[in-house]
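Single-structure report; data block below.
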Amino acid sequence: MKRLVVYLMAVCALCAAAGLAGCGSDRFADDPKPGVEKSSVPGSALAEAAAAEVETKEAPVMEPTRSRETFTASSAARRAVLTGFTRARNLMTLVSEESGRVHKVVADVGDTLGEHGLFAELDTTFIELDLAGNRADQQRLKSELAYSEKELSRYQELVESKNAAQSTLDNNVRAHQTALQQLRAKQIEERVLMERMKRFSLLGPPGWKVVTRYIEPGEWLTKGEKVAELGRYDVLLVPFALSSEEYRALKEQGETLRLTLTDLNMPVAATVARVSPGFDPQTRKINVDLEIAQGDFEFRGGLRAELVLDLPDPGGAVLVPASALVKAYEDFFLMTPDGERVRVVVLGSSDDGKRRVTSPDVRPGDTFLLQP
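Each residue of the sequence shown is one higher than the one before, starting from 1 at the first, in the working numbering.
Below is the structure:
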């Protein structure tokens with residue numbers, strides 16, 4: 001019994017020792033004993049330090065680079081489209097300078113007068129008879145002058161030989177001078193009749209066109225009566241009534257202007273033909289005539305021509321690139337080089353892709369960021 005008690009006590013002691021051996025340390029089996037430094041692998045300290053720096057140091061935040069390029073706001077233009085109609089460069093009324101019966105009319109409405117400009121001819125029967133009578137009188141006077149010259153020479157000899165009186169010689173001299181003056185008058189009358197003969201042909205400027213015809217063959221014309229309306233259509237005229245502001249914009253375009261013939265859908269070049277020094281008291285505008293001298297179309301009146309003028313915007317609007325606008329909620333802003341935002345109101349777009357904006361704080365010539 002005593003041995004059994006001793007045996008049980010020994011077993012309990014062994015179990016207690018084994019439990020203490022297993023729970024006395026939390027280290028792994030390969031960990032070094034307390035008091036003994038752990039051996040390190042070469043280079044492992046640098047790797048551990050680099051890894052610790054990567055873990056502890058935050059990655060740098062890359063901010064986007066913003067362009068500092070600027071632009072200058074320019075004044076926005078207000079486009080004005082004016083309409084005019086082509087007409088003849090010059091117009092004239094052809095009248096008869098002589099009375100007579102119309103013999104023939106060689107040009108009708110729309111026809112172009114030839115190189116001599118003949119439009120119509122009057123009957124020349126009576127003027128030809130007057131010319132024939134004049135020339136007959138000249139022949140008679142020439143015959144009388146020849147006879148008086150012979151008589152004059154004979155009486156001069158008789159007077160010198162004192163066989164005739166001096167008064168008889170003086171009478172012959174006077175008769176000779178009278179016949180000579182009558183011949184000169186008839187010659188002048190012949191020139192007048194010849195000039196009148198030319199007026200029996202109704203002539204206009206060569207190359208002009210007949211706009212209106214008033215006479216027919218066989219009709220009797222009196223002196224000063226209208227026979228036709230003629231126009232010069234090799235050059236066209238387009239009249240416009242411009243305000244002072246529009247006239248300044250027209251002058252800024254230079255000597256050569258551009259018109260658009262809307263009926264033909266084609267552009268043409270034009271120049272300023274004349275400018276009235278006065279103005280229309282009712283419209284208070286200046287009358288300006290533009291001239292079209294060249295073009296691949298039929299030159300005629302009544303063609304619609306448009307003139308486009310760029311006028312300064314009365315509200316002070318400016319043009320800015322679309323990239324310069326910054327939108328925040330429902331508002332638009334421009335950014336100054338100092339970083340200040342300027343609120344603007346967008347009015348619309350221009351032909352070159354820019355935006356028309358307005359603001360009391362924006363003036364033409366101000367500088368802003370191109371891409372804020």
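Using N, Cα and C, we set each Cβ at its ideal position, and we do this for glycine too.
Computed from a prediction, not measured in an experiment: that's the story for all the values here.
Taking the beta carbon of residue i as the centre, do at least 16 other beta carbons fall within 10 Å, making it buried, or is it exposed?
i, result
"Met335", "buried"
"Val192", "exposed"
"Leu202", "buried"
"Gln109", "Checking the displayed sequence, the identity of residue 109 turns out to be Val instead of Gln. Flag for Val109 reads exposed."
"Arg174", "exposed"
"Gly353", "exposed"
"Ser148", "buried"
"Leu129", "exposed"
"Gly35", "Because the pLDDT at Gly35 is just 40, under 50, the model does not fix this residue reliably, and the value given afterwards should be weighed accordingly. Answer is exposed; the Cβ neighbour count stays below 16."
"Ala165", "exposed"
"Asn163", "exposed"
"Ala328", "exposed"
"Gly133", "exposed"
"Gly339", "exposed"
"Glu48", "Unreliable placement is indicated for Glu48, whose pLDDT of 49 sits below 50; no coordinate value is reported for it."
"Gly84", "buried"
"Ser44", "Model confidence at Ser44 stands at a pLDDT of 43, short of 50, so the residue's coordinates are unreliable; what they give is reported in the following sentence. Ser44 is exposed by the Cβ-count criterion."
"Gly204", "buried"
"Gly100", "buried"
Within its chain, find whatever has a CB closer than 6 Å to the CB of residue i; leave out the 5 residues flanking it on each side and keep chain order.
i, result
"Arg87", "Leu237, Gly301"
"Glu115", "Pro206"
"Val211", "Glu229, Gly231"
"Leu82", "Phe240, Leu307"
"Arg154", "none"
"Ser161", "none"
"Asp366", "Ala73"
"His176", "Ser148, Leu152"
Looking at residue j and residue i, is the spacing between their C-beta atoms short of 9 Å?
i, j, result
"Thr271", "Leu250", "no"
"Thr256", "Glu306", "no"
"Val346", "Phe332", "yes"
"Leu259", "Val102", "no"
"Arg196", "Glu121", "no"
"Thr112", "Lys209", "yes"
"Val95", "Gly224", "yes"
"Gln294", "Glu69", "no"
"Pro337", "Phe368", "yes"
"Arg341", "Val235", "no"
"Val288", "Phe71", "no"
"Pro364", "Ala107", "no"
"Leu145", "Leu118", "no"
"Ala324", "Ile292", "no"
"Tyr214", "Phe299", "no"
Apart from the five residues just before and just after residue i, which ones in its own chain have a Cβ nearer than 7 Å to its Cβ?
i, result
"Lys285", "Ala241, Leu242, Ser243, Phe279"
"Glu378", "The shown model of the chain, from 1 to 372, leaves out residue 378, and the question about it has no answer."
"Ala273", "Leu237, Asp289, Leu290, Glu291"
"Thr93", "Lys226, Glu229"
"Gly348", "Arg356"
"Ser359", "Val342, Arg343, Val344, Val345"
"Asp361", "Val342"
Of the residues the options, which one's Cα is nearest the Cα of residue i?
i, options, result
"Leu91", "Asp130, Phe126, Gly231, Ile292", "Gly231"
"Ser276", "Pro267, Met266, Tyr247", "Tyr247"
"Glu330", "Gly339, Ser323, Lys104, Arg343", "Arg343"
"Gly316", "Asp296, Pro337, Val109, Arg356", "Arg356"
"Glu245", "Pro314, Tyr147, Pro364, Leu118", "Pro314"
"Val105", "Ala146, Arg199, Val227", "Val227"
"Ala322", "Ala328, Thr178, Ser350", "Ser350"
"Asn265", "Gly254, Arg304, Ser143, Tyr233", "Arg304"
"Phe200", "Ser161, Ile127, Ser359", "Ile127"
"Gln181", "Thr93, Glu157, Lys142, Pro267", "Lys142"
"Thr168", "Thr178, Ala179, Gln156", "Gln156"
Short of 8 Å in beta carbon distance, which residues of its chain neighbour residue i, apart from the five on each side in sequence? Order them along the chain.
i, result
"Leu131", "Glu190, Leu193, Met194, Met197"
"Val326", "Phe332, Phe333, Leu334, Met335, Arg341, Pro372"
"Thr283", "Ala241"
"Pro267", "Arg258, Leu259, Thr260, Leu261"
"Leu179", "Contrary to the premise, residue 179 reads as Ala rather than Leu in this sequence. Within the same chain, Ala179 has close Cβ partners Leu141, Glu144, Leu145, Ser148."
Just to confirm, does residue i get its C-beta within under 8 Å of one of the non-hydrogen atoms of the ligand SAH?
i, result
"Ala132", "Summarising the ligand content, the structure contains no ligands, and the ligand SAH is consequently not present."
| said: Closer than 8 Å is the cut-off here; do at least three beta carbon pairs connect the stretch 138-147 with the stretch 179-188? | reply: A contact exists between the stretch 138-147 and the stretch 179-188.
| said: For the structure I just gave you, are there three or more beta carbon pairs, one from the stretch 78-85 and one from the stretch 308-315, closer than 8 Å? | reply: The stretch 78-85 and the stretch 308-315 touch, with no fewer than 3 CB-CB distances between them shorter than 8 Å.
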